[in-house]
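Undergrad: I have a structure here, written as structure tokens, and I will follow up with some questions on it.
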Amino acid sequence: GDSVTQMEGPVTLSEEAFLTINCTYTATGYPSLFWYVQYPGEGLQLLLKATKADDKGSNKGFEATYRKETTSFHLEKGSVQVSDSAVYFCALSDGGYGQNFVFGPGTRLSVLP
Amino acid sequence: GAVVSQHPSWVICKSGTSVKIECRSLDFQATTMFWYRQFPKQSLMLMATSNEGSKATYEQGVEKDKFLINHASLTLSTLTVTSAHPEDSSFYICSASSGGGRAQYFGPGTRLLVL
């Protein structure tokens, strides 16, 4: 079945450092890909998404590009802030936006001042 | 907007008892609600999908008599873990959608510990 793998955490960075969280997937079809973020004590929030190969999702300085050839959707940010500390989940959906999600295990990011 | 709440946020219960978890969409009508389960350091796993007024659709391997889901209104779905056992201890997360493939909005989760 479909699956999502992402780098183990926790990831600890200093403020203004460059962030990469790797995400790879296996899927039988052409899924949509998502990054969700969960801040302490809150629900999951959609960070960005991409629905087809070579699409780039971006939001709040975060970017991820749908790479079909490497089945990857790595999350990047050029300069992290303390407020970016959270758990980040990579996910895919085979039924379009909002249906039949498969989530990765999550990566905890801590940004130190 | 698009806020989903869960209650309680965490619960401890004795083995053999039943526990009810509520999921509410606070500012929109949720025709579809989803229940997920997350074990430590593991993915969220979809347990079931419920549409308002209909029986829930359970994923393979999820016991429908163990995990009772009721979606009686457009703003409330409940998950009841019946005769809970220690292996049911987990983090349960709900999400809600106004349907038609629209976005899912997630609740903050409920942590269940069965002693």
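Chains as they are written, first to last, in our numbering: chain B, 1284 to 1396; chain R, 358 to 472. Here a beta-carbon is modelled for each residue, glycine too, at the ideal position from N, C-alpha and C. Predicted model only: the values in this text are computed from it and were never measured.
May I have the straight-line CA-CA distance separating residue 1318/B from residue 1343/B, to the nearest angstrom?
TA: Here residue 1318/B is taken as the residue at index 35 of the first sequence, counted from 1. Here residue 1343/B is taken as the residue at index 60 of the first sequence, counted from 1. Their Cα atoms are separated by approximately 12 Å.
Undergrad: As an exercise, report each continuous beta strand (DSSP E) stretch of at least 3 residues that is fully enclosed by the region 1326-1390 of chain B, in chain order.
TA: 1327-1333, 1339-1342, 1345-1348, 1358-1360, 1369-1376, 1384-1386
Undergrad: Just how far apart, CA to CA, sit residue 1386/B and residue 1375/B?
TA: Within the first sequence, numbered from 1, the residue matching residue 1386/B stands at position 103. Within the first sequence, numbered from 1, the residue matching residue 1375/B stands at position 92. One alpha carbon belongs to residue 1386/B, the other to residue 1375/B, and they sit about 7 Å apart.
Undergrad: Classify residue 1369/B as buried or exposed, calling it buried when 16 or more other Cβ atoms lie within 10 Å of its own Cβ.
TA: Within the first sequence, residue 1369/B is the residue found at index 86, counting from 1. Per the 10 Å Cβ criterion, buried.
Undergrad: DSSP on residue 379/R, reduced to helix/strand/coil?
TA: Residue mapping note: residue 379/R aligns to position 22 of the second sequence, counting from 1. Correct three-state label for residue 379/R: strand.
Undergrad: Compare the C-alpha of residue 391/R against each of 385/R, 403/R, 455/R, 370/R and name the closest.
TA: Your numbering for residue 391/R matches position 34 in the second sequence. With distances taken between Cα atoms, residue 391/R lies closest to 403/R.
Undergrad: Would the beta-carbon of residue 455/R fall within 8 Å of that of residue 385/R?
TA: If you number the second sequence from 1, residue 455/R lands on position 98. If you number the second sequence from 1, residue 385/R lands on position 28. The answer is yes: Cβ separation under 8 Å.
Undergrad: If contact is defined by three or more beta carbon pairs under 8 Å, each pair taking one atom from either stretch, is the region 409-421 of chain R in contact with the region 444-454 of chain R?
TA: The answer is no - the region 409-421 of chain R does not touch the region 444-454 of chain R, with fewer than three Cβ pairs under 8 Å.
Undergrad: Identify, in the order they occur along the chain, each residue of the same chain with its Cβ nearer than 6 Å to the Cβ of residue 1423/B, setting aside the five sequence neighbours on each side.
TA: Here chain B comprises residues numbered 1284 to 1396, so residue 1423/B is not present and cannot be evaluated.
Undergrad: Distance, Cα to Cα, residue 421/R vs residue 415/R?
TA: Position 64 of the second sequence, counting from 1, holds the residue named residue 421/R. Position 58 of the second sequence, counting from 1, holds the residue named residue 415/R. C-alpha separation (whole angstroms): 7 Å.
Undergrad: Under a CB-based cut-off of 8 Å, is residue 386/R close to chain B?
TA: The residue labelled residue 386/R in the question sits at position 29 within the second sequence. Chain B, which has no Cβ nearer than 8 Å to the Cβ of residue 386/R, makes this no.
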